[in-house]
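Colleague: One structure coming up, written as structure tokens, with questions to follow.
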Amino acid sequence: MNNSPEGQTRCGFIAILGAPNAGKSTLVNRMVGAKISIVTHKVQTTRARIRAITVFQQSQLIFVDTPGIFTPRRRLDRAMVDAAWGGAADADAIVLMVDAPLFVEALTERPSARARVSREDTLKIIAGLEKSRRKAILALNKIDALPREALLGLVETLKDENRFSETFLISAEKGDGVEDLKTHLAGLTPAGPWLYAEDQLADLPLRMLASEITREKLMVRVHQELPYVTTVETDSWTEKKDGSVRIEQVIYVERDSQKSILLGKGGRTIKDIGKHARIEMQKSFDRRVHLFLFVKVRGKWLDDPQRYVEMGLDFPSS
Ligand SMILES: Nc1nc2c(ncn2[C@@H]2O[C@H](COP(=O)(O)OP(=O)(O)OP(=O)(O)O)[C@@H](O)[C@H]2O)c(=O)[nH]1
Ligand SMILES: [Mg+2]
Numbered sequence: 054m055n056n057s058p059e060g061q062t063r064c065g066f067i068a069i070l071g072a073p074n075a076g077k078s079t080l081v082n083r084m085v086g087a088k089i090s091i092v093t094h095k096v097q098t099t100r101a102r103i104r105a106i107t108v109f110q111q112s113q114l115i116f117v118d119t120p121g122i123f124t125p126r127r128r129l130d131r132a133m134v135d136a137a138w139g140g141a142a143d144a145d146a147i148v149l150m151v152d153a154p155l156f157v158e159a160l161t162e163r164p165s166a167r168a169r170v171s172r173e174d175t176l177k178i179i180a181g182l183e184k185s186r187r188k189a190i191l192a193l194n195k196i197d198a199l200p201r202e203a204l205l206g207l208v209e210t211l212k213d214e215n216r217f218s219e220t221f222l223i224s225a226e227k228g229d230g231v232e233d234l235k236t237h238l239a240g241l242t243p244a245g246p247w248l249y250a251e252d253q254l255a256d257l258p259l260r261m262l263a264s265e266i267t268r269e270k271l272m273v274r275v276h277q278e279l280p281y282v283t284t285v286e287t288d289s290w291t292e293k294k295d296g297s298v299r300i301e302q303v304i305y306v307e308r309d310s311q312k313s314i315l316l317g318k319g320g321r322t323i324k325d326i327g328k329h330a331r332i333e334m335q336k337s338f339d340r341r342v343h344l345f346l347f348v349k350v351r352g353k354w355l356d357d358p359q360r361y362v363e364m365g366l367d368f369p370s371s
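Residue numbers (our numbering): 54 to 371.
So this is what it looks like as structure tokens:
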């Protein structure tokens, strides 16, 4: 299928890499002007490769949002990090995003553990790029939260890294610098037909998008108590005659105690998560949603290959 208009068109894949919480999903959403990828203040929000698509001038830009790259410990971590590097391997361009305020903090005398880890993760990605001989575009993000002098110092520090073809100072959240970056990326895409329809915003089944929306609300609500032990799957999606949709989802946890936390007193926590998820789904899908959430205890879901398939991840052998 060729979706391209008349004339010379361009089309390319742009992978967004970076340490967890750098702002990758925020940038991807802003680039396409819609919320495709979930965003939280927590690290390790994005789990799989998510494609968000936009047309800019004559170029179709296919952004590949990836999970943050960090030192993997569990099997799920490994699957996420593999997915991130996999996204980069096939891309026409790579953007390395850095949380600039955290990086600057890491260079001070007494950085927080968070800042140190984030910088180490970033340096590891730079080393990985070097190994695969790929150049990246450096995007120093969150400049809205950093004084200009500090920023210029950081640019100086990172300039010596010979891996960057270009450096952009941006605020994915506020929008500063994003248009310049987009223009640059559009110029890098190779000539060729568009791969998606002009108005397509994402390459992600609606069921998966629905699962992600619930996972976002869940992460925000119970993350303190349930760090990374849940996954959400959409079990059924039924279109009703009145135009509404009935969505049933299962939230997997590993233990009974986690289930109790998720349900909350009198089911209040899960109800709250469901309400926020439903409101966002109605906005995203532009129709009424009846959402039903079920919690299932499944010990070791983190070692169950089927759960990875549902998340869109490859199952690492160890
Ligand atoms: N101040 C500021 N905050 C930002 C900016 N961009 C993103 N954030 C915040 O940073 C946090 C992480 O954003 P995400 O977009 O989820 O980051 P990510 O890199 O996709 O994170 P993972 O998926 O966990 O790897 C959120 O709280 C965002 O609101 C920015 O330009 N300025
Ligand atoms: Mg993300």
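Even for Gly, the Cβ is constructed at its ideal location relative to N, Cα and C.
Can you give me the C-alpha to C-alpha distance between T79 and K328, rounded to a whole angstrom?
Modeller: The residue given as residue 79 occupies position 26 in the sequence shown. The residue given as residue 328 occupies position 275 in the sequence shown. C-alpha separation (whole angstroms): 23 Å.
Colleague: Look at the alpha carbon of R127 and the alpha carbon of F116, and state the distance between them as a whole number of angstroms.
Modeller: Taking the first residue of the sequence shown as 1, we reach residue 127 at position 74. Taking the first residue of the sequence shown as 1, we reach residue 116 at position 63. If you take the alpha carbons of R127 and F116, they lie about 27 Å apart.
Colleague: Where V208 and L191 are concerned, what is the direct C-alpha to C-alpha distance, given to the nearest angstrom?
Modeller: For the purposes of this step, residue 208 is identified with residue 155 of the sequence shown, where counting begins at 1. For the purposes of this step, residue 191 is identified with residue 138 of the sequence shown, where counting begins at 1. Those two C-alpha atoms are separated by around 10 Å.
Colleague: Do L182 and R216 come within 7 Å of each other at the CB atom, strictly closer than that value?
Modeller: What you label residue 216 is simply residue 163 of the sequence shown in a count that begins at 1. What you label residue 182 is simply residue 129 of the sequence shown in a count that begins at 1. For R216 and L182, yes; Cβs fall inside 7 Å.
Colleague: Using the C-alpha atoms, what's the distance from Q253 back to T107?
Modeller: Your numbering for residue 107 matches position 54 in the sequence shown. Your numbering for residue 253 matches position 200 in the sequence shown. Using only the alpha carbons, I get a separation of about 8 Å.
Colleague: Please work out which residues of its chain come closer than 8 Å, Cβ to Cβ, to M84, disregarding the five sequence neighbours upstream and downstream, and give them in chain order.
Modeller: Reading the sequence shown from its first residue, position 31 is the one you call residue 84. So the list reads A105, T107, L114, F116, V231, K235, once near-sequence residues are dropped.
Colleague: By a C-beta neighbour count over all protein chains shown, 10 Å radius and 16 as the cutoff for buried, is R331 buried or exposed?
Modeller: Residue mapping note: residue 331 aligns to position 278 of the sequence shown, counting from 1. R331 comes out buried.
Colleague: Please name the residue in L344, E286, T322, V285 whose C-alpha comes closest to that of I300.
Modeller: Locating residue 300 in the sequence shown gives position 247, counting from the first residue. Of L344, E286, T322, V285, the residue nearest in Cα terms is L344.
Colleague: Using only CA atoms, which one of Q111, L129, S112, V134 lies nearest to I122?
Modeller: On the sequence shown, residue 122 is found 69 positions in, with the first residue counted as 1. The option with the nearest alpha carbon to I122 is V134.
Colleague: Return yes when at least one heavy atom of ligand 1 lies under 6 Å from the C-beta of T79, else no.
Modeller: The residue you call residue 79 lines up with position 26 of the sequence shown. Under cutoff, so the answer is yes.
Colleague: Jot down the residue ranges of each uninterrupted beta strand (DSSP E) in the region 273-324, minimum 3 residues, whole runs only, in chain order.
Modeller: Here the runs fully enclosed are 284-292, 298-306.
Colleague: I need the straight-line Cα distance from E17 to L70, nearest angstrom please.
Modeller: Nothing about residue 17 can be reported from this structure: the residues present for the chain run from 54 to 371 only.
Colleague: Note down the Cα distance separating A225 from V81, rounded to an integer number of angstroms.
Modeller: Indexing the sequence shown from 1 puts residue 225 at position 172. Indexing the sequence shown from 1 puts residue 81 at position 28. Cα to Cα, the separation comes out at about 8 Å.
Colleague: In whole angstroms, what separates the C-alpha of T175 from that of I326?
Modeller: What you label residue 175 is simply residue 122 of the sequence shown in a count that begins at 1. What you label residue 326 is simply residue 273 of the sequence shown in a count that begins at 1. Using only the alpha carbons, I get a separation of about 33 Å.
Colleague: What does the Cβ neighbour count give for F373, buried or exposed, with the cut at 16 atoms within 10 Å?
Modeller: Within the shown structure, residues of the chain are numbered from 54 to 371, placing residue 373 beyond reach of any answer.
Colleague: Quick check on this structure: which residue in A141, S90, V342 has the alpha carbon closest to the alpha carbon of G65?
Modeller: Numbered from 1 along the sequence shown, position 12 holds the residue referred to as residue 65. The candidate whose alpha carbon is nearest that of G65 is A141.
Colleague: D118 lies in the beta strand (DSSP E); which residues open and close that run?
Modeller: Numbered from 1 along the sequence shown, position 65 holds the residue referred to as residue 118. That run of the beta strand (DSSP E) goes 112-118.
Colleague: For G230, name the three-state secondary structure that DSSP assigns.
Modeller: Counting from one through the sequence shown, the residue named residue 230 turns up at place 177. In this structure, G230 counts as coil in the three-state DSSP scheme.
Colleague: Determine contact between the region 279-291 and the region 300-309, defined as no fewer than three beta-carbon pairs at a distance below 8 Å.
Modeller: The region 279-291 vs the region 300-309: in contact.
Colleague: From K293 to K324, what distance separates their C-alpha atoms?
Modeller: For the purposes of this step, residue 293 is taken as the residue at position 240 of the sequence shown. For the purposes of this step, residue 324 is taken as the residue at position 271 of the sequence shown. Their backbone Cα atoms lie some 23 Å apart in a straight line.
Colleague: Compare the C-alpha of A153 against each of R163, A146, R169 and name the closest.
Modeller: As a working mapping, residue 153 is identified with position 100 in the sequence shown. Nearest option by C-alpha distance: R169.
Colleague: Decide if P120 is buried, meaning its Cβ has at least 16 other Cβ atoms within 10 Å, or exposed.
Modeller: In the sequence shown, residue 120 corresponds to position 67, counting from 1. Looking at its Cβ environment, which holds 16 or more other Cβ atoms inside 10 Å, P120 is buried.
Colleague: Considering only their Cβ atoms, is the gap separating R102 from A144 smaller than 7 Å?
Modeller: Position 91 of the sequence shown holds residue 144. Position 49 of the sequence shown holds residue 102. In this structure, R102 does not lie closer than 7 Å to A144 by Cβ.
Colleague: Identify, in the order they occur along the chain, each residue of the same chain with its Cβ nearer than 6 Å to the Cβ of D92, setting aside the five sequence neighbours on each side.
Modeller: For the purposes of this step, residue 92 is identified with residue 39 of the sequence shown, where counting begins at 1. The amino acid at residue 92 is misidentified as Asp; the sequence shows Val. S78, T79, listed in sequence order.
Colleague: Would the beta-carbon of T175 be found less than 6 Å away from any heavy atom of ligand 2?
Modeller: Residue 175 sits at position 122 when you count from the first residue of the sequence shown. No.
Colleague: Using a 10 Å radius around the Cβ and a threshold of 16 neighbouring Cβ atoms, would you call R201 buried or exposed?
Modeller: Numbered from its first residue, the sequence shown carries residue 201 at position 148. Under this definition R201 is an exposed residue.
Colleague: For N74 and S310, I'd like the C-alpha separation in whole angstroms.
Modeller: Here residue 74 refers to the residue found at position 21 when the sequence shown is read from its first residue. Here residue 310 refers to the residue found at position 257 when the sequence shown is read from its first residue. Roughly 28 Å between the two C-alpha positions.
Colleague: How many angstroms separate the CA atom of V148 from the CA atom of R167?
Modeller: Your numbering for residue 148 matches position 95 in the sequence shown. Your numbering for residue 167 matches position 114 in the sequence shown. Roughly 22 Å between the two C-alpha positions.
Colleague: Which first and last residues belong to the beta strand (DSSP E) in which V85 is found?
Modeller: Position 32 of the sequence shown holds residue 85. Run containing V85: none in the beta strand (DSSP E); it sits in the alpha helix (DSSP H), 77-85.
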